[in-house]
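Participant:
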Amino acid sequence: MSNSAENNSSTAKVSCDACPILCRISPGKTGSCDRYGNVDGKLMRMDPVILTQKVVDQNQALVPFGEQSTVWDGTVLNPETIFPTAVGAGTTYPDYKPAPFIIGSSHNDVDLVTVVTEGIFSYCSFKVKIDTDRYIGPEQASVRCQGEEVGHVITAEYGSQMLSLGGVHHLTGGSKQEGRVTCEMMMDLGNRNAVELEVDNGSKLVIKADAAPIIDGNQEERMRVGCGSATIGIFAQQWFGHVDEVIVVDEHITGMLSEHQAGRFLGMEPSGIRVRGRRSTPGRYFQVANPGHGWGGTDVSDPLEIIDRIKKGAAYPGLRLLMVSTTGEDAAYYVLDEDLNPCEESIPEVLQVVVDRIGENCEPALASVLFMAGAGGSLRAGVTENPVRLTRSVRGLLTSTTCGGAPAYVWPGGGITVMVDVTKMPENSFGSVPTPAIVAPIEFTMKLNDYQALGGHMNNVIKLEDMTQQREAKISKWNEENPWPFP
Ligand code: SF4
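Just so we're aligned, residue 0 is where the sequence shown starts under numbering that gives the first Met the number 0, counting upward by one.
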C-alpha cells in the first residue's frame, strides 16, 4: 500500500492507492469509501482485521459468531485455533503487489499458508431465493431500488422465486445514479440489512438475508409443502375415505385427488368435477388461474372460481369436496346439493387435521442471499506471480477458497467464480469503493509446499503474531457451521 505523504509533516495529505479512485486524504480524515484514512500522516485501513477463533476451551469467553467482535487484547493466540479472515485486511490494488497478508501456520504438523485479501469486485452479483409461491412478477422483469434498475427476476425454483441483483452492467454500464444505488443495495444485502425492491409489473419486496421476505406489505410465513400434485401424493392416504374429492390449488400444478395416480391407486373414481386450465396428466392441471397473491400463488380468492364444470352422472348430490392451498393457509369444504352446487360447510375435524399437517410440513419462508463473484482476474497476482497456477490449484482442490471463512462454491469452467452464503460470513464483511465496486473478503488456504510450487510470494509469508503487530485485530468466534479450512 502506498503511504506517500506530500512532505514529512503529519499535517500532509496522504495518497491512497487501494482502488482506482486514488484519494488524497487530509490529516484526520478518511477517503471516499471511509475504509482508509490519514492517521498521523500515515495511510491506515480504518477497520480492524477480523480473526476468528475456534473454541477449544469451553470456558473461553468469546463473542458468538455473527455478533460484534471484540478488540483483541494482545493475549497470546494459539495459531492452531485461529483462522485469519480477509475482513478488514485491505486490498492488493493495483494488483502488482502481494496480498496484504500471507500468513503461514502449522496445523497437525502440516505447514500451511493463508493468503488474505479484500477483493474489489465489479463482476459480482447476489442471487436471492425467496421462499414463496406468491407471484412477484414475470421472469426477466426488471427489479428496481429507489427507481433504479438493479437486477431482474430469474427462473423460479421449487417453492421459491429467484432474483439476480447487482452485476457489472448495473454497477458500471448504466448511469452514475444506477451504479451508486446498485452498489449501496448490494452492500446492504451482503451485510444482511433489509433492502426495499420493486419488480416491474410485480410486487414490492423487502428482502433481508435469512429473514422472512415481505411481499407487498405481507410477511411470508410458510414455504409451500410442494406443488399441488406433490401435496396430493403426500396426503392422499390420509384423506382417503373421509372425502370424495380434494383439489389442491396451486399456481404451478393444481392437483385433483380422484383423477391423480395417488387416488386411482387407492381405488377412487373420478368425481366428475373438472377444473379450468390445461390438463397435463391425469389429476395434474396447469394454468388454472393467473399468478397472484391468492390461494396457492394464484389470483383466486374464491376457490370455486377454478371449477369449470361439474358433470352430472359422475358427480352426485352429497359428494364431499375439500379445496386447500399448498401451504394449508387456505382451505374450504363443500357438499354438493341436489343441483350439484357446492355448498360450503365447516371442515370436518378428520380433514382439518390433514390441512393442519400441510401447514406443519411447510418450512418457514426465508430469503437466502448468495454472493457471487469472479476472483479469477488480477486479484490472483496478489497470491502468485503466475496466476493461472492459482486457478489450477483451486480447480484441483489443492487450494481451499473461503470468503470471511465461509466455504465458497467454485463454479466449474474457467476462472475462479465463487458463490457464498452471506450468512456464513462475519457481519459487515462487505464494503464498497466509489468506482463503483463491491469489496469482499477472500482467502486462499493451501499447503506451504503447494504455495511455493505455484509461484507464491514466499518472501511475504509472515506469522500470525507479525500480522497482529502490524494491524489492529478483532477476534470473534469461528462459525462452527463452516468447515474448518485447515487440516
Ligand atoms: S475510495 Fe477508499 S480505497 Fe479507494 S482510494 Fe479512496 S480511500 Fe482508498
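All C-beta atoms in this analysis are idealised placements derived from N, C-alpha and C, irrespective of residue type, glycine included.
At what residues does the alpha helix (DSSP H) containing A235 begin and finish?
Facilitator: Taken as a continuous stretch (DSSP letters only), the alpha helix (DSSP H) holding A235 covers 227-238.
Participant: What span of residues does the beta strand (DSSP E) with K473 cover, start to end?
Facilitator: That run of the beta strand (DSSP E) goes 472-476.
Participant: Below 8 Å, can you find three or more Cβ-Cβ pairs linking the segment 476-483 to the segment 147-165?
Facilitator: no
Participant: Is the segment 281-301 close to the segment 236-254, with three or more CB pairs under 8 Å?
Facilitator: Yes, the segment 281-301 is in contact with the segment 236-254.
Participant: From the DSSP output, in three-state form, read off L191 for me.
Facilitator: According to the sequence shown, residue 191 is Arg rather than Leu. Looking at R191 - three-state DSSP - the assignment turns out to be coil, as it is neither helix nor strand.
Participant: Who does S428 pair with in a DSSP beta bridge?
Facilitator: Paired residue(s): none; S428 is not in a bridge.
Participant: With which residues is V418 paired in a DSSP beta bridge?
Facilitator: Here the sequence assigns Met to residue 418, which means Val is not the residue at that position. M418 is bridged to M371, Y408.
Participant: The ligand SF4: which residues have Cβ under 6 Å from any of its heavy atoms, chain order?
Facilitator: C15, A17, C18, I20, L21, C22, G30, S31, C32, R34, Y35, V432, P433
Participant: For R275, which residues of its own chain have a beta-carbon under 6 Å away from its beta-carbon, when the five flanking residues on both sides are left out?
Facilitator: V287, I305, D307
Participant: Pick out whichever of V334, R379, Q469 has its Cα sitting closest to the Cα of T416.
Facilitator: R379
Participant: Between the segment 27-41 and the segment 131-140, do three or more beta carbon pairs fall short of 8 Å?
Facilitator: no
Participant: Can you list, in chain order, the residues of its chain with a C-beta nearer than 6 Å to that of E344? Leave out the 5 residues immediately preceding and following it.
Facilitator: Y332, V334
Participant: Please work out which residues of its chain come closer than 8 Å, Cβ to Cβ, to C342, disregarding the five sequence neighbours upstream and downstream, and give them in chain order.
Facilitator: Y333, V334, L335, D336
Participant: Between Q489 and Q160, what straight-line distance do the alpha-carbon atoms span, to the nearest angstrom?
Facilitator: Because the chain in this structure spans residues 0 to 486, residue 489 falls outside the shown range and cannot be described.
Participant: By a C-beta neighbour count over all protein chains shown, 10 Å radius and 16 as the cutoff for buried, is S257 buried or exposed?
Facilitator: buried
Participant: Over the uninterrupted beta strand (DSSP E) stretch that includes N289, give me the two end residues.
Facilitator: N289 -> no beta strand (DSSP E), and no H or E assigned at all.
Participant: Would a C-beta distance cut-off of 8 Å place D16 and L365 closer than the cut-off?
Facilitator: No, Cβ-Cβ distance for D16 and L365 is not below 8 Å.
Participant: For I437 and C123, which I take to be in contact (beta-carbon distance under 8 Å), what is that distance rounded to the nearest angstrom?
Facilitator: 5 Å
Participant: So, with DSSP's three-state summary, where would you put I102?
Facilitator: Reduced to three states, the DSSP call for I102 is strand.
Participant: Using the three-state DSSP reduction, which class does E258 fall into: helix, strand or coil?
Facilitator: coil
Participant: Distance check for F239 and Q139, CA to CA, integer angstroms please.
Facilitator: 42 Å
Participant: Let's see if you can read the secondary structure: which residues bound the beta strand (DSSP E) around D130?
Facilitator: 123-130
Participant: What did DSSP end up calling F485 once you bin it into helix, strand or coil?
Facilitator: coil
Participant: In terms of residue numbering, what span does the beta strand (DSSP E) encompassing A330 cover?
Facilitator: 330-335
Participant: Measuring straight from C-alpha to C-alpha, what distance separates M381 and G30?
Facilitator: Before going further, note that residue 381 is Gly rather than Met in the sequence given. Roughly 23 Å separates the two Cα atoms.
Participant: Can you say whether P83 is buried or exposed, counting buried as having 16 or more other CB atoms within 10 angstroms of its CB?
Facilitator: buried
Participant: May I have the straight-line CA-CA distance separating Y92 from S202, to the nearest angstrom?
Facilitator: 40 Å
Participant: How far does the beta strand (DSSP E) with M43 in it reach, from first residue to last?
Facilitator: 41-44
Participant: I need the straight-line Cα distance from H169 to A374, nearest angstrom please.
Facilitator: 19 Å
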